[in-house]
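**Student:**
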Amino acid sequence: MLIDHVTLRTADLEGTKVFLEDLLGLTVGARPDFGFPGYWLYDEGEPVVHLIPGAGATVGRDAETIDHVGFRLQGYQVFRKKLDDAVTPYSTMDLPALGERRLFVRTPGGILLELVFREDAKIN
Numbered sequence: 000m001l002i003d004h005v006t007l008r009t010a011d012l013e014g015t016k017v018f019l020e021d022l023l024g025l026t027v028g029a030r031p032d033f034g035f036p037g038y039w040l041y042d043e044g045e046p047v048v049h050l051i052p053g054a055g056a057t058v059g060r061d062a063e064t065i066d067h068v069g070f071r072l073q074g075y076q077v078f079r080k081k082l083d084d085a086v087t088p089y090s091t092m093d094l095p096a097l098g099e100r101r102l103f104v105r106t107p108g109g110i111l112l113e114l115v116f117r118e119d120a121k122i123n
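Going by numbering that gives the first Met the number 0, 72 is the number at position 73 of the sequence shown; the sequence numbering is gapless.
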């Protein structure tokens, strides 16, 4: 089984769209007319992130909700430089036992994204 897509509800629809385009290289593509605004963001021809408007209310840590979305990517050092150059706050986690390095970043509306890298997991 594979996850088909994730839908993010955000009060900053345009800002989140631009953020994901810039950060992950996603592109806006075809989306059915649902009668409300939103975007489908594509990677390699597949709509992997759906964006829809939200009111911007925060959700407490004890609420039943999805905590974060993880994306497996390549090019750990390139992504760190991209975040540094854009002065985008992030945190790191190295998991040598799994051969992984992770970057955590938040969208303009505060949604947590986990960027998982396996190919350059050698920790310096």
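The C-beta atom is built at its ideal place from N, Cα and C for all residues, glycine as well.
Quick check on this structure: which residue in ILE110, LEU82, PHE116, LEU72 has the alpha carbon closest to the alpha carbon of MET92?
**Tutor:** Ranking ILE110, LEU82, PHE116, LEU72 by Cα distance to MET92 puts PHE116 first.
**Student:** Name, in chain order, the residues that DSSP records as bridge partners for MET92.
**Tutor:** Paired residues: ARG101.
**Student:** Got a sec, what are the start and stop residues for the alpha helix (DSSP H) GLY14 sits in?
**Tutor:** 12-23 is the span of the alpha helix (DSSP H), which, as asked, contains GLY14.
**Student:** Given that a residue counts as buried once 16 or more other Cβ atoms are within 10 Å of its Cβ, and exposed if not, what is ARG100?
**Tutor:** Classification for ARG100: buried.
**Student:** Just the C-alpha distance for LEU1 and VAL86, rounded to the nearest angstrom, thanks.
**Tutor:** One C-alpha to the other measures close to 33 Å.
**Student:** Quick one: what's got a C-beta closer than 7 Å to LEU23's C-beta in the same chain, skipping five residues either side?
**Tutor:** Contacts found: PHE70.
**Student:** Would VAL48 be called buried (16 or more neighbouring beta carbons within 10 Å of its own) or exposed?
**Tutor:** Burial call: buried.
**Student:** If you reduce the DSSP assignment to three classes, tell me which class PHE78 lands in.
**Tutor:** Correct three-state label for PHE78: helix.
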